[in-house]
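Working notes, structure below.
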Amino acid sequence: MNKSKIKPRIWIINQFANTPDVPGHIRQYEFGQFLVQQGCEVEVFASDYNLTQRKYRKLKFPQLWQKEDLKGLNWHWLYATSYKVNNWQRYVNMLSFCITFFFTGLFRPKPDLIIGSSPQLLAAFTAWIVAKLRGSKFYLEVRDLWPQVLIELGGKSPDSLLVRLLANIEGLLYRNSDRVIVLASGSVDYVSKRGATQVSWLPNGPNTEQFKVDLTPEQAKAKYQIDSERICLMYTGAHGTANSLETIVEAARLLDKSDPHKFLIMLVGDGPEKNELIEQAKGIESLEFRPPLPKQEIPQLLQAADGLIITLKDISLFRYGVSPNKLYDYYAVGKPAIAAVGGAVNQEVEENQLGFTAEPEDFQRLANAILKLADTPAEEREKMGKRGQALIDSTYSRTRVATKLWNLIQEDLVNQEEIGAENNSPSKIQ
Numbered sequence: 000m001n002k003s004k005i006k007p008r009i010w011i012i013n014q015f016a017n018t019p020d021v022p023g024h025i026r027q028y029e030f031g032q033f034l035v036q037q038g039c040e041v042e043v044f045a046s047d048y049n050l051t052q053r054k055y056r057k058l059k060f061p062q063l064w065q066k067e068d069l070k071g072l073n074w075h076w077l078y079a080t081s082y083k084v085n086n087w088q089r090y091v092n093m094l095s096f097c098i099t100f101f102f103t104g105l106f107r108p109k110p111d112l113i114i115g116s117s118p119q120l121l122a123a124f125t126a127w128i129v130a131k132l133r134g135s136k137f138y139l140e141v142r143d144l145w146p147q148v149l150i151e152l153g154g155k156s157p158d159s160l161l162v163r164l165l166a167n168i169e170g171l172l173y174r175n176s177d178r179v180i181v182l183a184s185g186s187v188d189y190v191s192k193r194g195a196t197q198v199s200w201l202p203n204g205p206n207t208e209q210f211k212v213d214l215t216p217e218q219a220k221a222k223y224q225i226d227s228e229r230i231c232l233m234y235t236g237a238h239g240t241a242n243s244l245e246t247i248v249e250a251a252r253l254l255d256k257s258d259p260h261k262f263l264i265m266l267v268g269d270g271p272e273k274n275e276l277i278e279q280a281k282g283i284e285s286l287e288f289r290p291p292l293p294k295q296e297i298p299q300l301l302q303a304a305d306g307l308i309i310t311l312k313d314i315s316l317f318r319y320g321v322s323p324n325k326l327y328d329y330y331a332v333g334k335p336a337i338a339a340v341g342g343a344v345n346q347e348v349e350e351n352q353l354g355f356t357a358e359p360e361d362f363q364r365l366a367n368a369i370l371k372l373a374d375t376p377a378e379e380r381e382k383m384g385k386r387g388q389a390l391i392d393s394t395y396s397r398t399r400v401a402t403k404l405w406n407l408i409q410e411d412l413v414n415q416e417e418i419g420a421e422n423n424s425p426s427k428i429q
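For the sequence shown, numbering that gives the first Met the number 0 assigns the number 0 to the initial residue and increments by one for each residue that follows.
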């Protein structure tokens with residue numbers, strides 16, 4: 000069978016998938032659009048309860064499901080219960096999404112391939128069950144390594160009932176998926192040791208076309224009301240425990256002591272820790288909090304920055320098991336990066352001379368990294384940005400990664416068709 004003729008029906012399940020008109024990652028949207036352009040029939044299943052905005056966007060009680068046609072991409076907004084903080088209601092939210100998807104998935108035309116995406120491991124497990132019931136191939140996409148993140152970041156005991164249950168589900172999915180896709184290259188070894196046999200690295204990355212912004216830095220600063228006399232550093236994204244934004248707050252406090260008006264450090268986004276961070280930052284002149292922006296507007300905002308910051312908690316998992324989408328956005332816009340992550344992320348920034356680094360949760364070294372950036376001539380900062388853009392083109396561009404996914408799908412479905420044809424040939428029929 001000629002793989003160029005394959006036009007499969009594909010489902011992508013990610014509870015937290017977003018469209019470009021809201022804050023958050025849009026990997027599933029961009030993959031879906033790319034696969035539609037290849038002639039595939041693609042359906043995405045996501046929660047209508049938006050994690051960043053903490054509200055329902057499309058559904059009105061008692062609706063449980065709504066379909067939207069996004070330029071040929073069939074997007075299903077599914078009901079899940081609401082929650083405000085990461086307590087027991089978060090798990091109810093996850094379970095409710097799984098139930099809604101399960102019954103929705105049973106009664107739709109059979110897909111050729113189902114891609115179940117974490118970090119919501121229960122949703123991926125439900126997607127696998129539906130794939131088995133429907134006779135579809137199944138890919139597991141590993142965005143976060145559950146339950147390891149619950150142990151290292153959430154403080155859960157490895158012997159707790161929840162962790163042992165999730166570990167069993169994790170192992171089952173690794174062993175029984177037709178392919179496991181990891182976003183972080185360091186996760187390849189992790190999932191392989193736990194039973195995955197077909198593992199592919201498909202990292203996060205931006206749509207480079209969206210970062211071709213027709214705004215100069217001066218125009219962008221004027222548009223977003225940023226003082227052109229100040230050195231502007233930005234963080235854009237979630238304000239959660241994992242993001243360690245208190246490190247940025249304390250670094251800003253140190254910078255304030257020498258010159259409170261030299262820097263403007265902007266934290267753009269929302270999340271469960273934001274109110275506490277605002278309280279922590281009272282009196283710091285160089286720090287400013289701003290609300291989240293739709294993903295499609297982020298490239299314009301980043302154009303106003305002189306440098307861009309990413310921080311994470313100091314846990315071993317983050318040293319090898321993350322593929323931070325915001326970091327690749329930073330590269331794509333052509334700005335120096337300041338990374339306080341450790342491990343592979345810091346190593347990439349250092350080896351490619353893309354900016355400056357500090358150890359995670361070390362606000363003194365983060366403040367020093369910011370001062371180093373300020374002392375770096377504009378010409379060298381521009382070269383750092385150019386090197387970041389070159390790395391995107393060679394490794395991380397969304398088109399490059401989506402093309403790799405499409406090639407894998409074609410190869411796997413061709414193999415499936417050839418095996419089926421061989422088994423049905425006269426010589427195989429007894």
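For each residue, glycine too, the CB sits at the ideal point set by N, CA and C.
Every value quoted in this text rests on a predicted model; they were computed, and no experiment measured them.
Item                                                                                                                                    : Value
CB-CB length for D47 against R56, believed under 8 angstroms                                                                            : 6 angstroms
Those residues which DSSP pairs with A339 across a bridge                                                                               : T310
Rounded straight-line distance, which links the Cα of A304 to that of E296                                                              : 14 angstroms
Range covered by the beta strand (DSSP E) that runs through I297                                                                        : No beta strand (DSSP E) holds I297; the alpha helix (DSSP H) holding it covers I297 to L301.
Expected contact under 8 angstroms - CB spacing of L201 and V400 to nearest Å                                                           : 5 angstroms
Simplified DSSP assignment, three categories, for T51                                                                                   : coil
Alpha carbon of N422 to alpha carbon of F124, nearest angstrom                                                                          : A caution first: N422 carries a pLDDT of 40, below 50, which makes its placement in the model unreliable, though a value can still be read off. If you take the alpha carbons of N422 and F124, they lie about 29 angstroms apart.
Span of the beta strand (DSSP E), counted from its first residue to its last, around D68                                                : W64 to L69
For L72, the residue or residues it bridges with in DSSP                                                                                : L69
The stretch 321–332 / the stretch 161–169 touching (three or more Cβ pairs under 8 angstroms)                                           : no
Cβ-based neighbour list, P393, same chain, cut-off 6 angstroms, excluding 5 preceding and 5 following                                   : The amino acid occupying residue 393 in the given sequence is Ser; Pro does not appear at that position. None.
Three CB pairs or more closer than 8 angstroms across the stretch 126–137 and the stretch 153–162                                       : no
CB contact flag (E140, G115, <9 angstroms)                                                                                              : yes
Boundaries of the beta strand (DSSP E) in which F100 is found, first to last residue                                                    : Unbroken run through F100 is the alpha helix (DSSP H), W87 to L105; no beta strand (DSSP E).
Simplified DSSP state of L77, which is helix, strand or coil                                                                            : strand
Integer Cβ distance of M383 from L301, believed to fall under 8 angstroms                                                               : Not quite, the Cβ-Cβ distance comes to about 14 angstroms (not below 8 angstroms), so this is no contact.
Close Cβ partners of A250 (< 7 angstroms) along its chain, the five nearest in sequence each way excluded                               : F362, L365, A366 and I369
Secondary structure of F210, DSSP reduced to three states                                                                               : helix
Sheet register partners of A45 (DSSP bridge)                                                                                            : W76
Nonlocal neighbours in the same chain, by C-beta distance under 8 angstroms from L94, ignoring five residues either side                : L121
Inter-residue Cα distance where the pair is P108 and N175                                                                               : 23 angstroms
Runs of beta strand (DSSP E) wholly within the stretch 344–414 (minimum 3 residues, chain order)                                        : 354–356
Three-state secondary structure assigned by DSSP to P425                                                                                : With a pLDDT of 42 at P425, under the threshold of 50, the modelled position of that residue is not reliable, and the figure given next carries that caveat. In the structure shown, P425 sits in a helix (DSSP, three-state: H, G or I).
Pair within 9 angstroms by beta-carbon distance, L182 and V321                                                                          : yes
Residue range of the alpha helix (DSSP H) that includes R174                                                                            : L160 to N175
F317 (DSSP reduced to helix, strand or coil)                                                                                            : helix
Which of helix, strand or coil DSSP assigns to I128                                                                                     : helix
Whole-number beta carbon distance between V43 and P271, since they are thought to touch under 8 angstroms                               : Not confirmed; about 25 angstroms, so no contact.
Sufficient close CB pairs (3 or more, under 8 angstroms) joining the stretch 30–42 to the stretch 62–77                                 : yes
Contacts around V129, its chain only, beta-carbon distance under 6 angstroms, and the 5 residues preceding and following it disregarded : G104
Beta-bridge partners of W10, as assigned by DSSP                                                                                        : E42 and I113
Short Cβ contact (9 angstroms threshold) for Y327 with Y395                                                                             : yes
Chain D within 9 angstroms of G239, Cβ atoms only                                                                                       : Annotation note: the requested chain D is absent from the structure, which comprises a single protein chain.
Contacting residues, own chain, Cβ-Cβ under 6 angstroms from D20 (five flanking each side not counted)                                  : P293
Cβ distance (whole Å) where K325 is taken to contact I309 below 8 angstroms                                                             : 6 angstroms
Option nearest F317 by Cα separation, candidates F100, Q147, F30 and W87                                                                : Q147
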